[in-house]
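Let me begin by presenting the structure, written as C-alpha cells, before commenting on it.
Residue numbers (our numbering): 146 to 540.
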C-alpha cells in the first residue's frame with residue numbers, strides 16, 4: 146500500500162500546499178520584517194569590526210592563561226593607559242608559530258598603544274616583544290565597502306540580463322526583489338543580534354546571492370514548464386499552475402538548502418564553536434543565516450510576486466477570467482465538465498430504444514458494419530467482368 150503521509154506527498158508534488166494563494170500573507174510578513182530591519186539599521190546600527198570602525202589589534206601568546214583572563218588584563222591595561230578605550234572582540238587564533246589570543250580594541254594613539262603594550266607585558270609577566278600590535282584605519286573598511294557595493298551592482302545587472310534572456314523581465318524583477326529582500330533581512334538579523342561586521346561578512350553576503358539565485362532559477366524553470374501554452378486551455382489559472390510548480394520543486398529546494406546548510410553549520414558550530422577557529426565564525430555565520438533566509442524568500446516571495454506581476458498582463462488576466470467563468474458555469478450546471486455524459490434537459494424526452502438505435506447507427510459516409518461477401522473483389526463474382534453474365538470474355 147502506497148504511503149499517503151505529508152512527506153510522501155511532498156516528494157511526489159501532490160501535497161497541494163497553497164503558497165501562491167496566500168501571497169498577501171507572505172507579502173505582509175515580509176513587509177513587517179523589512180520594516181523592522183530598516184528601523185534597526187537606523188536605531189541600533191551595526192557592530193562594526195576594527196576594519197570598518199578603526200582600532201588596534203594586539204596578539205598575546207595563549208600560554209598567558211585563558212582567553213577570559215587575557216581579556217580582563219587587557220581591559221585593565223586599557224583603563225589605566227588607554228584613555229577609556231575597551232576591548233571590542235577577543236578570540237583564539239592558531240598559526241604555524243603556535244596559538245595566540247587576538248584582542249581588538251577601539252582606536253588608540255601611537256603613544257597610548259605603546260603604553261598599553263608595556264602595561265600588558267608587565268601584567269602577563271612576559272617581554273613586550275612577545276606582544277605584537279597593529280593599527281587599522283577606518284579608511285580601509287570604507288574602500289572594502291565601496292568595492293563590495295560596486296560588485297553587488299554589477300552582479301544584479303548581470304543577473305537581470307541573464308534572467309530576461311532565459312525567462313522574461315517579470316521573472317527578473319521577482320528574482321531581484323527576492324535577492325534584495327534576502328540581503329535586507331540578513332543584514333537586519335546582524336543589526337538586531339549585534340553580530341560583528343567584518344570583511345569576511347561582506348564576502349559572505351556576496352556569496353549567498355549566488356545560492357539564492359540558484360534556488361529561484363530552479364523554481365522559475367518549473368513555473369515556465371507548467372505555464373507554457375497555458376492560455377490554450379481553460380483548466381487552471383496562471384497562479385494555480387505556478388503554485389503546482391512550487392509544490393513540485395519544494396522538496397528539491399528544501400533538500401538543496403539542507404545539504405548546503407550542513408557543511409556551513411559544521412564550519413560555524415564545530416570549527417568556530419568547538420575548535421575555537423574564530424576566523425571562521427564571521428564567514429560561517431553570514432552564510433548560515435543568509436542561506437536559510439534565501440530558501441524562505443525564494444519560495445514564499447519570488448513566485449508569489451511573479452504571479453502578481455503576470456496577473457497584470459492583459460492576456461493572462463483574460464485567461465484567468467475565462468477559467469473562473471467556466472468553473473462558475475460548471476457549478477451552476479450550465480456546462481458539463483469535460484468527459485462527463487450528456488444530461489437531458491428538463492423538457493426533453495428521450496426514447497431509450499431510439500437512443501440505442503441512434504448510438505448504433507453508422508455515420509454518414511461510413512461503410513456497412515456487416516461482413517463483405519467472399520470473392521476476389523469484395524463481393525463481385527469471381528473472374529467477373531462487371532455486369533456481364535458469366536464473366537465471359539469479349540470476342
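Idealized CB from N, CA, C, for every residue including glycine.
This one's a predicted model, so the numbers in the text were calculated from it and none came from an experiment.
Here DSSP, grouped into helix, strand and coil, assigns residue 457 to coil.
Linking residue 255 to residue 280 through their CA atoms gives a straight-line distance of about 9 Å.
Look at residue 397 here: in three-state DSSP terms it is helix. Using a 10 angstroms sphere on the CB of residue 161, the tally of other CB atoms stays under 16, which defines it as exposed. The residues 327, 330, 331, in chain order, have a CB closer than 7 Å to that of residue 438 in the same chain once the five nearest residues on each side in sequence are set aside. Taking C-alpha positions only, residue 266 is separated from residue 224 by approximately 15 Å. Inclusion of residue 319 and residue 450 in the CB contact set at 8 Å is warranted, their separation being smaller than that value.
If the five residues before and after residue 165 are omitted, its C-beta is found closer than 6 Å to the C-beta atoms of 384, 387, 388, 449, 452, all from its own chain and listed in chain order. Setting aside the 5 residues that flank it on each side, residue 432 is surrounded in the same chain by 349, 352, 353, 409, each with a C-beta closer than 7 Å to its C-beta; the list follows chain order. When C-alpha distances from residue 195 are compared across 173, 284, 274, the shortest belongs to 284. Counting along the chain, the unbroken beta strand (DSSP E) around residue 281 starts and ends at 277-281. For residue 347 and residue 460, the gap between their C-alpha atoms comes out near 43 Å. Here the C-alpha atom of residue 355 lies approximately 23 Å from the C-alpha atom of residue 288. Residue environment analysis places residue 211 among the exposed positions, since fewer than 16 neighbouring C-beta atoms fall within 10 angstroms of its C-beta. Counting only runs of 3+ residues, the beta strand (DSSP E) found wholly inside the stretch 220-307 occupies 232-240, 243-250, 277-281, in chain order.
Using a 10 angstroms sphere on the CB of residue 458, the tally of other CB atoms stays under 16, which defines it as exposed.
Within the stretch 162-226, complete beta strand (DSSP E) segments of at least 3 residues are found at 200-206, given in chain order. When the Cα atoms are used, residue 202 and residue 400 turn out to be separated by approximately 42 Å. Residue 208 holds the alpha-carbon nearest to the alpha-carbon of residue 244 among 208, 231, 294, 184.
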